[in-house]
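In this note's numbering, the protein residues as written are 118 to 318. We put the CB at the ideal spot given by N, CA and C, even for glycine. Bear in mind that the values here come from a model prediction, so they are computed numbers and not experimental data. Data block below; observations after.
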């Protein structure tokens with residue numbers, strides 16, 4: 118449960134029949150750095166009946182745009198409690214997301230795959246016009262993070278190129294040195310041969 122502490126749960130005002138949410142991936146989890154957009158689908162007689170829950174952003178844990186079978190979703194009306202708020206629903210969703218228990222709407226992937234999708238979630242959400250419109254502040258936050266990422270990748274590429282150039286120059290200097298040594302040896306041998314010929318004459 119430590120990973121659930123201080124995790125921002127962002128959601129839009131109630132726009133029947135659904136509400137959009139965005140969850141930041143918790144620290145100490147494969148989802149760290151990710152942003153997960155989804156929808157809560159409210160029935161007409163909510164809160165007396167449970168809502169449907171879907172995730173739009175690929176996470177490696179749930180199928181996208183598919184109703185999820187959770188104890189607090191419309192798959193289990195018998196376990197639903199009318200007092201549960203939207204925050205309670207999202208905390209329950211996140212708690213289940215951090216588990217590996219299979220259920221309807223879930224998928225099985227490795228932690229490595231989840232981490233890759235967490236990094237890709239930034240571009241995925243920015244490409245979603247509805248996400249950008251519903252969560253403008255989060256979209257700005259993601260844009261800044263991506264700019265920083267691209268800047269670091271650019272610096273890394275420049276550093277690698279510089280390292281390759283330095284290595285190439287070092288190899289070239291080594292080749293030049295060997296060539297000079299060979300030339301010097303040839304000159305010495307030539308001078309020695311000439312001196313011997315002169316002595317014999």
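Residue i and residue j closer than 9 Å at C-beta
i	j	result
residue 165	residue 199	yes
residue 196	residue 205	no
residue 191	residue 169	yes
residue 174	residue 154	yes
residue 172	residue 158	no
residue 194	residue 219	no
residue 129	residue 251	yes
Which listed residue (the options) has its alpha carbon closest to that of residue i
i	options	result
residue 265	247, 239 and 248	239
residue 229	137, 138, 140 and 147	147
residue 260	158, 242, 173 and 303	242
residue 163	271, 248, 203 and 144	203
residue 138	302, 305, 253 and 270	253
residue 232	144, 149, 127 and 129	149
Supposed contact pair residue j and residue i - C-beta distance, whole angstroms, cut 8 Å
i	j	result
residue 161	residue 135	The pair is not a contact, with the Cβ atoms about 12 Å apart (cut-off 8 Å).
residue 235	residue 142	5 Å
residue 207	residue 140	6 Å
residue 256	residue 246	About 10 Å separates the two Cβ atoms, so there is no contact after all.
Paired residues, beta bridge with residue i - DSSP
i	result
residue 156	137 and 171
residue 350	Because the chain here runs from 118 to 318, residue 350 falls outside it and cannot be looked at.
inquiry  = Below 8 Å, how does it come out for the region 220-236 and the region 178-186: are there three or more Cβ pairs, yes or no?
reply    = Yes, the region 220-236 touches the region 178-186.
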